[in-house]
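**Q** Add 37 to the 1-based position in the sequence shown for the numbering used here, that's all there is to it. Note that the Cβ used here is the ideal one computed from N, Cα and C, for glycine as well. Take this structure, written in structure tokens, and hold onto it; I'll ask about it next.
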Amino acid sequence: MNPDEIFKNVVSHAKEYGFVFPSSEIYDGLGAVYDYGPYGSELKNNLRRYWWIAMTQLNENIVGIDAAIFMHPTTWKASGHVDAFSDPLIDNKDSKKRYRADVLLEDHLAKIQGKIDKEVEKAAKRFGESFDPEMYASTNPRVLGYREEIQKVEDRMKAALESGNLEDLQQLIVDCEIVCPVSGSRNWTEVRQFNLMFGTEMGATADGATTVYLRPETAQGIFVNFLNVQKTARMKIPFGIAQTGKAFRNEIVARQFIFRMREFEQMEMQFFVRPGTEMEWYQHWKEARMKWHLALGLGADKYKFHDHLKLAHYANAAADIEFKFPFGFKELEGIHSRTDFDLGKHEEFSGKKLRYFDPELNESYIPYVVETSIGLDRLFLAVLSTAYQVETLADGSTREVLKFPAPIAPVKVAVLPLVNKDGLPEKAREIFELLRFDVNAQIDSKESIGKRYRRQDAIGTPLCVTVDHDSLVDGMVTVRDRDTMEQERIPISELRGRVLAKVEMRNLFR
Ligand code: ATP
38 MNPDEIFKNV VSHAKEYGFV FPSSEIYDGL GAVYDYGPYG SELKNNLRRY
88 WWIAMTQLNE NIVGIDAAIF MHPTTWKASG HVDAFSDPLI DNKDSKKRYR
138 ADVLLEDHLA KIQGKIDKEV EKAAKRFGES FDPEMYASTN PRVLGYREEI
188 QKVEDRMKAA LESGNLEDLQ QLIVDCEIVC PVSGSRNWTE VRQFNLMFGT
238 EMGATADGAT TVYLRPETAQ GIFVNFLNVQ KTARMKIPFG IAQTGKAFRN
288 EIVARQFIFR MREFEQMEMQ FFVRPGTEME WYQHWKEARM KWHLALGLGA
338 DKYKFHDHLK LAHYANAAAD IEFKFPFGFK ELEGIHSRTD FDLGKHEEFS
388 GKKLRYFDPE LNESYIPYVV ETSIGLDRLF LAVLSTAYQV ETLADGSTRE
438 VLKFPAPIAP VKVAVLPLVN KDGLPEKARE IFELLRFDVN AQIDSKESIG
488 KRYRRQDAIG TPLCVTVDHD SLVDGMVTVR DRDTMEQERI PISELRGRVL
538 AKVEMRNLFR
């Protein structure tokens, strides 16, 4: 199967087996919004818990909070989101398609680069082995012309974006003679800034209502609570505040399933440090976060760092942890050194001091911040798309199996009476009662045992326990392993310990 097919299968498997549904599907869904089903919500809870334990429980200097989604509107003025959290948009009047103006220009530049590559390729064929591509590109008049063109467009684009001059941006699209990929026409609207925040009204009366925003990131709920948390939990710098929760962005181009959603969940941690030590902590969190990912066991080849060369105005270092999704390496988590930008801005806009008195230095300062920010839905997609496998068995048949790391599997163990009579269902229920207080267990007596195994494979249950006629006599059951499909007979008295040893979250932290 090619990656496209695998991805399609993952999406349909997710729906068929109750992991992810399109939102309000009976009304044909809502763009880039999804609901998590019975197994999806379990998997998501487990991933959130894996993150929460690693960040809070296992770090003595990190505590958690749960801030509201609505925040005072000035929060988003101070953070820069009202003025700058936007994309420049342009519409083609004939196709009615909407594009990001900067992306249209970047695609145009890529085309010119393509022409350069072709020239060089042609010349390489002409000149044979002695050919020096760099020398050719820096002397050939045609290539030089293309290079100059690229440079000119880049300079104009950068200037227009930095100064926010949207007319220039539109003129540049006209001057480059860019056509709409759908209609082929150059009939463009003007360029507008499109803010990605969702706004709504709070309050009952028309004149008393204020515009509030659905938070586009969870981080600001942490910044505004910095002093509350520091004082009440008696935290000393360096320390961190962690939070998981929904964030909302009106993404223009939303596709690739739950990779880019308009409503999604973030897991963020802001780590407050003494100014001047932020680079050490930035390195520390880069390594710690990568270690956390690797401990899930999806494979080291699936991850890579992408260091940002172009930094946001508030950052002095930034990197992404990219994951190899079926559609290629893409951002899964960001680690950012945000300086004192956020706390400084909130001080300025609120007029309240947001400083820390450092008893060792005997001085007060605005702490610097290193942030780790991961999308729970992207993590879900990373795990699901890696776990999904189609295997051909010895007898030539195939099975679809989700090879989740056992501690995060939605259902940990299924108890299956071999037949639905002769006292076996009753014995199975006894065993189910023994397990259900510790782990999410299922009991299932419908259909043949083979079909029940397949169903548990398809939802990723690591262990199946089969109760047969002998179990009533010898007090033993058969335990089947999802991945190896090997079966082992063990005493019921050892079962609970066996299951726990396999699925405990602590296995991931060893
Ligand atoms: P991208 O470049 O993909 O738009 P970003 O750099 O804007 O992402 P951040 O603002 O750094 O993302 O947000 C932190 C994390 O939140 C990302 O690493 C990603 O996992 C997740 N995230 C961001 N936007 C979305 C979205 N629209 N849908 C799902 N997850 C998202």
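Using DSSP's beta-bridge definition, name the partner residues of Leu-346.
**A** DSSP lists no partner for Leu-346.
**Q** Can you round the beta-carbon distance between Ala-104 and Asn-262 to whole angstroms, since I take them to be within the 8 Å contact cut?
**A** 6 Å
**Q** Compute the beta-carbon to beta-carbon distance between Ile-496 and Tyr-87, rounded to the nearest angstrom, for a pair I have assumed lies under 8 Å.
**A** Between Tyr-87 and Ile-496 the Cβ distance is about 19 Å, and since that is not below 8 Å, they are no contact.
**Q** Just to check, is the beta-carbon of Ser-410 closer than 8 Å to a non-hydrogen atom of the ligand ATP?
**A** A heavy atom of the ligand ATP is found nearer than 8 Å to the CB of Ser-410.
**Q** For the beta strand (DSSP E) holding Thr-429, just list the boundary residues, first then last.
**A** 425 to 429 is the extent of the beta strand (DSSP E) around Thr-429.
**Q** For Asp-511, which option in Glu-523, Pro-528, Thr-503 and Arg-519 has the closest C-alpha, if you only look at C-alpha atoms?
**A** Pro-528
**Q** Quick check on DSSP: helix, strand or coil for Gly-453?
**A** For the record, residue 453 in the displayed sequence is Leu; it is not Gly. Leu-453 falls in the strand class under three-state DSSP.
**Q** Considering only the alpha carbon of each residue, which of Pro-363, Asn-287 and Ile-127 lies closest to Glu-42?
**A** Just measuring C-alpha positions, the residue of Pro-363, Asn-287 and Ile-127 sitting nearest Glu-42 is Pro-363.
**Q** Among Lys-45, Phe-378 and Leu-331, which has the Cα closest to the Cα of Arg-547?
**A** Here the closest residue by C-alpha is Leu-331.
**Q** Give me the Cα-Cα distance between Lys-347 and Ala-355, rounded to the nearest whole angstrom.
**A** 9 Å
**Q** Return the chain-ordered list of same chain residues with a C-beta closer than 6 Å to the C-beta of Ala-160, the five sequence neighbours on each side being excluded.
**A** Tyr-173
**Q** Less than 8 Å between C-beta atoms, sequence neighbours within five positions excluded: which residues of the same chain meet that for Arg-193?
**A** Asp-205 and Leu-209
**Q** When the distance is taken between beta carbons, is Glu-428 closer than 9 Å to Arg-436?
**A** yes
**Q** Just tell me which of Pro-59, Met-306 and Val-249 has its CA closest to the CA of Thr-93.
**A** Met-306
**Q** Considering only the alpha carbon of each residue, which of Phe-56, Asp-507 and Gln-493 lies closest to Val-438?
**A** Gln-493
**Q** Any heavy atom of the ligand ATP within a distance shorter than 8 Å of the CB on Lys-367?
**A** Yes, the Cβ of Lys-367 comes within 8 Å of a heavy atom of the ligand ATP.
**Q** Quick one: what's got a C-beta closer than 6 Å to Leu-335's C-beta in the same chain, skipping five residues either side?
**A** Thr-423
**Q** Bridge partners of Glu-632, per DSSP?
**A** With the chain represented from 38 up to 547, any question about residue 632 goes unanswered, as that position is not in the structure.
**Q** Assuming Asn-82 is part of the alpha helix (DSSP H), what are its boundary residues?
**A** 75 to 89
**Q** From this set, Glu-156, Gly-151 and Thr-498, which residue's C-alpha is nearest Leu-3's C-alpha?
**A** Since the first residue of the chain shown is 38 and the last is 547, residue 3 is not available in this structure.
**Q** Less than 8 Å separating the Cβ of Met-298 from some heavy atom of the ligand ATP?
**A** In this structure, the ligand ATP has a non-hydrogen atom nearer than 8 Å to the beta-carbon of Met-298.
**Q** Exposed or buried, what is Thr-281 when buried is set at 16 or more other beta-carbons lying within 10 Å of its beta-carbon?
**A** buried
**Q** I need the straight-line Cα distance from Tyr-73 to Ala-538, nearest angstrom please.
**A** Rounded to the nearest whole angstrom, the C-alpha separation of Tyr-73 and Ala-538 is 28 Å.
**Q** Express the C-alpha separation of Gly-151 and Thr-176 in angstroms, rounding to a whole number.
**A** 18 Å
**Q** Can you tell which of Phe-276, Ala-91 and Lys-483 has the C-alpha that lies nearest to the C-alpha of Met-542?
**A** Ala-91
**Q** Tell me where the beta strand (DSSP E) around Gly-277 begins and ends.
**A** 276 to 285
**Q** Within a Cβ cutoff of 6 Å, which residues of the same chain sit near Lys-195, ignoring the five residues on either side of it in sequence?
**A** none
**Q** In chain order, which continuous runs of the alpha helix (DSSP H) of length 4 or greater are located wholly inside the stretch 160 to 186?
**A** 170 to 174
**Q** How far does the beta strand (DSSP E) with Tyr-351 in it extend, from its first residue to its last?
**A** It is not in any beta strand (DSSP E) - Tyr-351 carries neither H nor E in the DSSP assignment.
**Q** Leaving out five residues on either side along the sequence, give the residues of the same chain with a beta carbon under 7 Å from the beta carbon of Lys-52.
**A** Answer for Lys-52: Phe-58, listed in chain order.
**Q** One question on the structure: do Ser-410 and Glu-315 come within less than 9 Å of each other, judged by their Cβ atoms?
**A** no
**Q** Below 8 Å on the Cβ atoms is my contact criterion, and I expect Pro-454 with Ser-482 to pass it. Report the Cβ-Cβ distance as a whole number of Å.
**A** 5 Å
**Q** Taking 8 Å as the cut-off, is the C-beta of Glu-370 nearer than that to any heavy atom in the ligand ATP?
**A** Checking every heavy atom of the ligand ATP against the Cβ of Glu-370, one is found closer than 8 Å.
**Q** Using DSSP with H/G/I as helix, E/B as strand and the rest coil, what is Val-228?
**A** coil
**Q** Which full runs of the beta strand (DSSP E) of 3+ residues lie inside the stretch 470 to 522, going along the chain?
**A** 478 to 480, 500 to 504 and 513 to 518
**Q** Report yes or no: do three or more beta-carbon pairs, one from the stretch 257 to 276 and one from the stretch 364 to 372, lie closer than 8 Å?
**A** No, the stretch 257 to 276 does not touch the stretch 364 to 372.
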